[in-house]
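Have a look at the structure below, then the notes.
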Amino acid sequence: MHSIYKLLTWLVLFLGLTGSGVASYWMKVDADARTYQQFVYNSEEIKLKIEARLKAHEQTLLSGAAMFNASETVTRQEWQSYVQRLRINEHFNGIQGLGFSLWIPAAQLSAHQARIRAEGFPDYMVRPEDKREAYTSIIFLEAFADRNLRAFGYDMYSEPVRRTAMVRARDENIITLSGRVTLVQETDKDIQAGTLMYAPVYRKNQPIDTVEQRRAALFGWVYSPFRINDLLTNIVLPVQKSNAAQVQLRVYDGDNTQAEHLLELTANKMIVK
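Its first residue numbered 496, the sequence shown is counted upward by one per residue in the working numbering.
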């Protein structure tokens, strides 16, 4: 009889421990499932916010291109007023600016530089200065101060990564985003990877039905430069602060996940790459 009680005691203990173990296991499974669901939710929210921000920037560039199409001439003051009215610093934190790059055939370069110098910029020069068949120049970029002054007169078309995006925007009449670059706005402090978004602008009343027609009618590009860290910080951090879970991201230039295509950011325990 004693042995039976002893056996029953061990059996009850075993069943209790087993039950506790099973309960703990399923509680962990449930907690892991809820954590994963939260992770998926946070990731999707970040993805949608990034997509929404880029779509908003696309519309901003298109509206800038429309301004050129609706006017005989867009002056520097008009562009400044237009961008100020958009209040991009308030509505689009992370955007480095909104600008216009002019297409300049080589035969028109001297006259172009003389015209800009006459506007009050005696040292203006399209750069790089080596001879090319055609040039572009950033003639408007708001806010026209601080880092952005470094971009004034820069020929983005002279740099292969930028040129690839500019050519595609021109030839296909679409909004394009460049690959990874170092913006000319960068100084020797807080250097970040950059990218640029382009919208083509064609001369008024010119046919643009074919690639050849679009190339012939090209006037320039409305564009925006982005510092990747600044852009993503302003998109992702509000999501992070509103959720306990932290999401680590890696953002690459295109589909290539090699190290040289990685866009890096580290801030507030968040890694956006």
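Note that beta-carbon positions come from the ideal geometry of N, C-alpha and C, so glycine has one too.
Contact between the segment 693-705 and the segment 611-623 is absent: fewer than three C-beta pairs spanning the two stretches fall below 8 Å. DSSP places A528 within a helical segment (H, G or I) once states are collapsed to three. Bridge pairing for G594: L636 and Y718 [DSSP]. Pairing I634 with R645, the inter-Cα distance amounts to about 12 Å. Here N643 is near Q680, since their CB atoms are less than 8 Å apart.
Per DSSP, V662 is not a residue of any beta strand (DSSP E); the alpha helix (DSSP H) it occupies stretches across P655 to E667. G674 sits away from I723, with the two beta carbons spaced by 8 Å or more.
Collapsing the DSSP output to three states places Y577 in a helix.
L556 is positioned such that its CB atom lies no closer than 8 Å to that of G594.
For V696, the uninterrupted beta strand (DSSP E) segment begins and ends at G689 to Y697.
In the structure shown, the three-state DSSP call for T570 is coil. When the beta-carbon positions are compared, V696 and V717 come within less than 8 Å of each other. According to DSSP, residue pairing for L644 in a beta bridge does not occur.
Annotation for S719: H552, T555, L556, I590, Q591, G592, L593, G594, L691 and M692 place their beta carbon closer than 8 Å to its own, counting only its chain and skipping 5 residues before and after. Annotation for R675: no alpha helix (DSSP H) segment contains it, and DSSP assigns it neither H nor E. According to the DSSP assignment, R582 belongs to no alpha helix (DSSP H), since it is labelled neither H nor E. Taking C-beta atoms as the reference points, I599 and A629 count as a pair closer than 8 Å. Sixteen is the threshold: since fewer than 16 other Cβ atoms of the shown chains lie within 10 Å of the Cβ of G615, the residue is exposed.
Within the same chain, and ignoring the five residues on either side of V578 in sequence, the residues whose Cβ sits closer than 7 Å to its Cβ are L593 and E637. CA-CA distance, F647 to S632, rounds to 7 Å. For E707, the enclosing alpha helix (DSSP H) covers residues V706 to A712. If you look at A609, you'll find it in the alpha helix (DSSP H) that goes L604 to A613.
Across the structure, T568 and V535 are spaced so that their CA atoms are roughly 49 Å apart.
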